[in-house]
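Per the numbering used here, the very first residue in the sequence shown carries number 2; after that it's consecutive.
We treat Cβ as the ideally placed atom computed from N, Cα and C, and that holds for glycine.
Values in this document were obtained by computation on a predicted structure and should not be read as measured data.
These notes are about the structure you will find just below.
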Amino acid sequence: MPFLPKPKAWHWTAHARFKMKFYGLSEARVRRIVNSPKRIEEGIAPKTVAMMQVAGSAKHPYELWTMIVDEKSRRKVISAWRYPGVTKPKSEIAINFLKQEYNEFNSKKEYT
């Protein structure tokens, strides 16, 4: 009988929680983006992955993005945001936006 691996614990950074509150995203919505993304791209930060789902209507489309790091025992959500419009895969706009999010995350990181 095969054993399923234990599900990883979710860890939410303060930056991710702030962005989720700002964009009106719940933890369940972010988990849904990670569990069933429409597109997956390499994150701008080392060892990160950005996942996207399309949302909105045909007239007013937007994308929901989440940047995560998969560690051995947990899945760390670094950031989550709502992008107005539709990006092309590996587009400069998405890369620049990811760089901006990563730099903002690093500037607010507290070292204890």
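- When secondary structure is reduced to three states using DSSP, Glu72 falls in the coil class, being assigned neither helix nor strand.
- Sorting Glu72, Glu43, Thr49, Gly25 by C-alpha distance to the C-alpha of Leu65 places Gly25 at the top.
- Between Val35 and Ile79, the gap from beta carbon to beta carbon reaches 8 Å or more.
- Taking C-alpha positions only, Ile41 is separated from His61 by approximately 22 Å.
- Looking at the backbone, the Cα of Met52 and that of Tyr63 are separated by about 14 Å.
- The C-alpha of Arg30 lies about 13 Å from the C-alpha of Ala17.
- With respect to Val55, Lys39 sits close: the two C-beta atoms are nearer than 8 Å.
- Per DSSP, His16 is one residue of the alpha helix (DSSP H) stretching across 15 to 24.
- In the three-state scheme derived from DSSP, where H, G and I count as helix and E and B as strand, Ala81 is classed as strand.
- When rounded, the separation of the alpha-carbon atoms in Asp71 and Lys77 is 6 Å.
- Arg75 is a Cβ neighbour of His12, given a cutoff of 8 Å.
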